[in-house]
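Undergrad: The structure follows.
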Amino acid sequence: MGTIFDIKTEQVRLVYSAIPFSTLTIFINSTLLCIVLWSVTDNKLLFPWLAVTYLLSALRLGLYRKFKLTSPAPANILLWEKRLLITTVLSGLLWGMASLVLFPGDDIAHQVFLAFVVAGMSAGAVTTLSAHTTACLAFISLALLPVVLRFFSLGDSLGYTMAFMSALFLVMLMITSIRLNQTILGALEMRYRRQVAEATIQRQALYDTLTDLPNRRMFFDRLKQELARSQRHRHLGVVMFLDIDHFKKINDSLGHLVGDELLIAIADRLKGRLRDEDVIARLGGDEYVILVPDIGDALEGATRRAQLFAEELLTLIRGHFDIRGHHLHVTASIGITLFPLQQKKPEDLLQQADTAMYQAKKEGRNSACFFLPNMQEAANQRLSIEKGLHQALARDEFELYYQPQLDSHGTLIGAEALLRWHHPERGAVLPGEFIKIAEETGIILEIGEWVLRAACRAISALSLYHMTISVNVSPKQFKDPNFVERVNRALNDTGADPHRLRIEITESTVIDNIEQTIVRLQQLKRLGISFSIDDFGTGYSSLAYLKRLPVDVIKIDQSFVRDIETDSNDAAIVETIIVMAKHLGLGVVAEGVETDAMRNFLLSKGCHQFQGYLFSRPLPLHALQSRYLTGQAQPVKPNVPV
Ligand code: C2E
Ligand code: CA
Ligand code: CA
Numbered sequence: 003m004g005t006i007f008d009i010k011t012e013q014v015r016l017v018y019s020a021i022p023f024s025t026l027t028i029f030i031n032s033t034l035l036c037i038v039l040w041s042v043t044d045n046k047l048l049f050p051w052l053a054v055t056y057l058l059s060a061l062r063l064g065l066y067r068k069f070k071l072t073s074p075a076p077a078n079i080l081l082w083e084k085r086l087l088i089t090t091v092l093s094g095l096l097w098g099m100a101s102l103v104l105f106p107g108d109d110i111a112h113q114v115f116l117a118f119v120v121a122g123m124s125a126g127a128v129t130t131l132s133a134h135t136t137a138c139l140a141f142i143s144l145a146l147l148p149v150v151l152r153f154f155s156l157g158d159s160l161g162y163t164m165a166f167m168s169a170l171f172l173v174m175l176m177i178t179s180i181r182l183n184q185t186i187l188g189a190l191e192m193r194y195r196r197q198v199a200e201a202t203i204q205r206q207a208l209y210d211t212l213t214d215l216p217n218r219r220m221f222f223d224r225l226k227q228e229l230a231r232s233q234r235h236r237h238l239g240v241v242m243f244l245d246i247d248h249f250k251k252i253n254d255s256l257g258h259l260v261g262d263e264l265l266i267a268i269a270d271r272l273k274g275r276l277r278d279e280d281v282i283a284r285l286g287g288d289e290y291v292i293l294v295p296d297i298g299d300a301l302e303g304a305t306r307r308a309q310l311f312a313e314e315l316l317t318l319i320r321g322h323f324d325i326r327g328h329h330l331h332v333t334a335s336i337g338i339t340l341f342p343l344q345q346k347k348p349e350d351l352l353q354q355a356d357t358a359m360y361q362a363k364k365e366g367r368n369s370a371c372f373f374l375p376n377m378q379e380a381a382n383q384r385l386s387i388e389k390g391l392h393q394a395l396a397r398d399e400f401e402l403y404y405q406p407q408l409d410s411h412g413t414l415i416g417a418e419a420l421l422r423w424h425h426p427e428r429g430a431v432l433p434g435e436f437i438k439i440a441e442e443t444g445i446i447l448e449i450g451e452w453v454l455r456a457a458c459r460a461i462s463a464l465s466l467y468h469m470t471i472s473v474n475v476s477p478k479q480f481k482d483p484n485f486v487e488r489v490n491r492a493l494n495d496t497g498a499d500p501h502r503l504r505i506e507i508t509e510s511t512v513i514d515n516i517e518q519t520i521v522r523l524q525q526l527k528r529l530g531i532s533f534s535i536d537d538f539g540t541g542y543s544s545l546a547y548l549k550r551l552p553v554d555v556i557k558i559d560q561s562f563v564r565d566i567e568t569d570s571n572d573a574a575i576v577e578t579i580i581v582m583a584k585h586l587g588l589g590v591v592a593e594g595v596e597t598d599a600m601r602n603f604l605l606s607k608g609c610h611q612f613q614g615y616l617f618s619r620p621l622p623l624h625a626l627q628s629r630y631l632t633g634q635a636q637p638v639k640p641n642v643p644v
């Protein structure tokens, strides 16, 4: 990027650039003047004057040459300005002196000639010196004032008139010079502004405005170069993808100002650890990428060094940050990939580092993880699910299945709605594979809305039967500010009875913001809806919050039920949950009941409501209807497709 020119430097440069031309005029004029005055002025005065004039011109030419050769930086410009001023003043003095010492005593024609030459020199100076007002005004006053004085001192009317005319000329030249100077300055300033604007645009295209780090584009440029260089020189480089853990929480709870300052502080801290040849860039949000161009020649050593380096960076970030009065503890996750191995393009490299970073997050965050080829497989699969989810709704690929819930007499008391995705290529996809991704990408809001409406339609269709339909609501969906309104609208639009709708939330939904959850649950409760806490026992399972929540049912997680007969701990937990629920006046549903033994055990402990393969797998709505709701209930075989 070119440096922006400095206005002062440019002014001085303009004046210096006019030196050859002004020296030439001085040379011609001073020589002619001496020739013309030869017969009327004392030659003993003419010679020294001419000699000094030549000398000064030579000095100025010398300065001009040196200035051109060194093209001084703005920092040195004051010295050059001083030189310029001194030589200009000297030159002005010389021309002023001409009127004082070379002035022919009583020869009016030669007097006027001399005045004419000095006036001409002054007029010329206005064009060559105007870029610098002080120099210009100094020169023309020093040159012309003696002319005025000299004519004035003649003491006759012609002398006075000439003095007046010369003074008037001087004033006009001064005004012209000042105005010219303003025009020049204006033009310079305009050029300066344009250059600043261009430089800013250029900078913004390559740098991140918040942290001043290079941005994605610049990083890619460098990465491309380094990738080629590493192939040529057969050394290994490393790309690290660094993402701050839970940054969003800091941003949301402490505000964007704190978030932004934290990002800057992290950038500074990381930058401080890197060498000049390393690159750190911010890709946006809380994502940084680091490029170390040369980390060794052998794979083993390079891997070890990269690992150590990543750990050092993690330690660096773990140190606390003091920002706007907040004492923040931050951790990060790093994905590492070495190059050049198989990758050909910088995009692939970054993708690999990103994938490895995700793996580090998965493994509990605050850690670094190397890219491995099988991660790519997983990442691709995730990507294909992500893409597919966006089309699934439009292509009507979702269906709700219903898993019966029965009481101890085997009577159907409800069903849990479970989402199924009929993928055009992969066939049936279970929620375990896509719900989390839908959560992360945010599309869960649309999917959740679809589920809610489909479940409400089912409630209407089953309105003759006394049963509740339970709907799983994800944390993100529950936190949506419009959630209550959405539920209300779904009920109204489908004509579903709110008393038949049960919403299942997990402990993680509750724990994030208990107060807000309570308010929301109460609002929904007023509509007639009931609630169950799903997967109970796997989260915080705190009595304190359970007591305050307006929920109706606890669902014992299937992981406890699974080993109920063999693991005494699980048996104890299940028993405790049942007792606790009874004390709090809540219903209990046991999930994942697969055998009679499990059912009997649960029954003996006081749990009377069950859901599980023992009774039925989740079924399409029509199958649920034909099996349970038309005429006699039939035994359901466990091998019905899910
Ligand atoms: P969940 O809410 O705990 O649902 C129960 C899961 O256990 C279901 O898996 C069900 O098919 C399975 N299951 C039922 N009985 C048995 C059994 O006896 N043995 C075993 N091993 N499993 C049994 P599914 O349908 O694959 O759903 C998995 C999870 O996906 C659900 O767990 C729920 O958290 C989520 N999910 C399903 N549908 C939706 C939905 O519409 N919205 C949201 N947000 N999440 C959903
Ligand atoms: Ca559930
Ligand atoms: Ca569950």
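Residue numbering for the sequence shown follows the working numbering, starting at 3 and increasing by one per position.
Beta carbons are placed, not taken as given, at the ideal position from N, Cα and C, and that holds for glycine.
(1) So does Asp-536 have its beta carbon nearer than 7 Å to some heavy atom of ligand 2?
(2) Considering only the beta carbon of each residue, do Pro-342 and Phe-222 sit closer than 8 Å?
(3) Which residue marks the beginning of the beta strand (DSSP E) containing Val-431, and which one marks its end?
(4) Could you tell me the alpha carbon to alpha carbon distance between Asp-495 and Tyr-404, rounded to whole angstroms?
(5) So, at 6 Å on beta carbons, what are the nonlocal neighbours of Leu-95 in its own chain, with the 5 sequence-adjacent residues on each side left out?
(6) With which residues is Ala-417 paired in a DSSP beta bridge?
(7) Count the other CB atoms within 10 Å of the CB of Gln-233; is the residue buried (16 or more) or exposed (fewer)?
(8) Would you call the CB atoms of Ser-168 and Val-150 closer than 8 Å?
(9) The alpha helix (DSSP H) with Thr-55 in it runs from where to where?
(10) Roughly how many whole angstroms lie between the Cα atoms of Leu-187 and His-134?
(11) Between Glu-302, Arg-307, Ile-268 and Thr-305, which has its C-alpha nearest Val-732's C-alpha?
(12) What alpha helix (DSSP H) runs, 4 residues minimum, are completely inside the segment 75-161?
(13) By the three-class DSSP mapping on this structure, what secondary structure does Val-241 have?
(14) Looking at C-alpha atoms only, which residue of Ala-599, Glu-365, Leu-81 and Met-176 is the closest neighbour of Ala-121?
(15) Could you check whether the segment 328-340 touches the segment 238-254, counting it as contact only if at least three pairs of C-beta atoms, one from each stretch, sit closer than 8 Å?
(16) Is the distance from the Cβ of Phe-485 to the Cβ of Gln-197 below 8 Å?
(17) Would you say the segment 110-119 touches the segment 64-75, given that touching needs at least three Cβ pairs under 8 Å?
(18) Looking at the unbroken beta strand (DSSP E) that takes in Val-489, where does it start and where does it end?
(19) Could you give the residue range of the beta strand (DSSP E) that holds Ser-543?
(20) My understanding is that Gly-539 touches Ile-513, with C-beta atoms under 8 Å, so please give their C-beta distance in whole angstroms.
(21) Looking at C-alpha atoms only, which residue of Leu-529, Ala-417 and Ala-334 is the closest neighbour of Tyr-630?
(22) For Val-576, count the other beta carbons within 10 Å of its own beta carbon; 16 or more makes it buried, fewer makes it exposed. Which is it?
(23) Excluding five sequence neighbours on each side, which residues of the same chain lie with their C-beta closer than 6 Å to the C-beta of Asp-569?
(24) With H, G and I counted as helix, E and B as strand and the rest as coil, what does DSSP make of Asp-536?
(25) Quick check on the burial criterion: 16 or more other C-beta atoms within 10 angstroms. Buried or exposed for Trp-681?
(26) Would you report the Cα separation of Ala-457 and Val-489, rounded to the nearest angstrom?
(27) Using DSSP's beta-bridge definition, name the partner residues of Tyr-290.
TA: Result, derived from the coordinates:
(1) The answer is yes for Asp-536.
(2) Not in contact: Pro-342 and Phe-222 (Cβ atoms no closer than 8 Å).
(3) In the DSSP assignment, Val-431 falls within the beta strand (DSSP E) that extends over 429-431.
(4) Asp-495 and Tyr-404 have their C-alpha atoms roughly 21 Å apart.
(5) Once the five neighbours on either side are set aside, the close Cβ partners of Leu-95 are Leu-144.
(6) Beta-bridge pairing links Ala-417 to Pro-406 and Ile-471.
(7) Gln-233 comes out exposed.
(8) In this structure, Ser-168 places its C-beta atom within 8 Å of the C-beta atom of Val-150.
(9) Element bounds for Thr-55: 45-72.
(10) Approximately 9 Å, taken between the alpha carbons.
(11) Given that the chain is displayed from residue 3 to residue 644, the structure contains no residue 732 and the question cannot be resolved.
(12) Entirely contained in the segment 75-161, the alpha helix (DSSP H) runs reaching 4 residues are, in chain order, 79-103, 110-131 and 135-155.
(13) Val-241 falls in the strand class under three-state DSSP.
(14) The shortest Cα separation from Ala-121 among Ala-599, Glu-365, Leu-81 and Met-176 belongs to Met-176.
(15) Yes, the segment 328-340 touches the segment 238-254.
(16) Result no, Cβ atoms of Phe-485 and Gln-197 do not sit closer than 8 Å.
(17) As far as the Cβ criterion goes, the segment 110-119 does not touch the segment 64-75, which means the pair count is below three.
(18) Element bounds for Val-489: not the beta strand (DSSP E) but the alpha helix (DSSP H), 485-496.
(19) Here Ser-543 belongs to no beta strand (DSSP E), and DSSP marks it neither H nor E.
(20) Not quite, the Cβ-Cβ distance comes to about 14 Å (not below 8 Å), so this is no contact.
(21) Ranking Leu-529, Ala-417 and Ala-334 by Cα distance to Tyr-630 puts Ala-417 first.
(22) Within a 10 Å sphere around the beta-carbon of Val-576 sit 16 or more other beta-carbons, which makes this residue buried.
(23) Hits under 6 Å: none found.
(24) Here Asp-536 sits in strand by DSSP.
(25) For residue 681 there is no data in the structure shown, the boundaries of the chain being 3 and 644.
(26) In a straight line, the C-alpha of Ala-457 is about 11 Å away from that of Val-489.
(27) Looking at the DSSP assignment, Tyr-290 forms a beta bridge with Leu-244 and Arg-284.
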